[in-house]
Amino acid sequence: EVVEIIDEELEKLNFLESHSSEFNVTRNYLDWLTLLPWGVSSEENLDIKHVSKIMDEDHYGMEDIKKRILEFIAVSQLKGSTQGKILCFYGPPGVGKTSIARSIARALNREYYRFSVGGMTDVAEIKGHRRTYVGAMPGKLIQCLKK
Numbered sequence: 497e498v499v500e501i502i503d504e505e506l507e508k509l510n511f512l513e514s515h516s517s518e519f520n521v522t523r524n525y526l527d528w529l530t531l532l533p534w535g536v537s538s539e540e541n542l543d544i545k546h547v548s549k550i551m552d553e554d555h556y557g558m559e560d561i562k563k564r565i566l567e568f569i570a571v572s573q574l575k576g577s578t579q580g581k582i583l584c585f586y587g588p589p590g591v592g593k594t595s596i597a598r599s600i601a602r603a604l605n606r607e608y609y610r611f612s613v614g615g616m617t618d619v620a621e622i623k624g625h626r627r628t629y630v631g632a633m634p635g636k637l638i639q640c641l642k643k
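This is the structure:
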């Protein structure tokens with residue numbers, strides 16, 4: 497599917513004038529598409545004992561949240577993957593939301609990316625702008641994937 501999109505955009509690029517704004521928009525889009533790590537993934541570790549060990553090493557106390565995370569991992573283990581699952585942490589600053597997320601990533605052998613949404617006033621900063629906007633860039637989520 498991605499290859500088809502890239503082919504379509506390359507075909508469009510061939511017909512555009514190199515000095516036109518649409519040429520630059522299409523080229524920027526193609527640059528981002530080709531920089532993303534398509535098909536690259538890490539091997540998930542859904543071993544409950546390993547996850548429990550990592551959580552205990554990284555966090556003293558917090559038994560309720562650690563228990564809930566282990567339940568989440570156990571269900572994922574039964575299903576064979578955590579793909580498509582979302583955990584949402586909320587609370588005041590300084591209670592451990594970020595460090596728990598970092599520990600979960602480490603325990604599952606997943607990359608961890610963090611960006612703050614505090615002070616963001618436009619959802620486009622997260623999702624990205626439409627390609628038709630001048631100077632449009634992908635959102636924070638895609639920028640993190642590129643790293």
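Each residue of the sequence shown is one higher than the one before, starting from 497 at the first, in this note's numbering. No residue lacks a Cβ here, since even glycine has one placed at the ideal position from N, Cα and C.
Per the Cβ contact rule, the stretch 591 to 598 is in contact with the stretch 551 to 561 (3 or more Cβ pairs under 8 angstroms).
A direct Cα-Cα distance of roughly 30 angstroms separates E497 from C584. For the 8 angstroms CB-CB criterion, K643 and Y609 form a contact. Around the beta carbon of V547, a 10 Å sphere encloses 16 or more other beta carbons of the protein chains shown; the residue is thus reported as buried. By the criterion of at least three beta-carbon pairs nearer than 8 angstroms, the stretch 521 to 533 is in contact with the stretch 624 to 636. By the Cβ test, the stretch 569 to 589 is not in contact with the stretch 501 to 521, since fewer than three Cβ pairs between them sit closer than 8 angstroms. Counting only runs of at least 4 residues, the stretch 606 to 640 fully encloses the following alpha helix (DSSP H) elements, listed from N- to C-terminal order: 620 to 623. In the DSSP annotation of this structure, E539 is not part of any alpha helix (DSSP H), being labelled neither H nor E.
Rounded to whole angstroms, the separation of the alpha carbons of K549 and I638 is 31 angstroms. R564 has its alpha-carbon roughly 15 angstroms from the corresponding atom of L542. Closest option to S517, judged by alpha-carbon separation, among I544, G631, K636, C640: G631.
Sorting C640, L604, R606 by C-alpha distance to the C-alpha of S612 places C640 at the top.
Contact between A570 and I544 holds, with the beta-carbon distance rounding to 6 angstroms and staying under 8 angstroms. By the neighbour-count definition (other C-beta atoms within 10 Å, threshold 16), L532 is an exposed residue.
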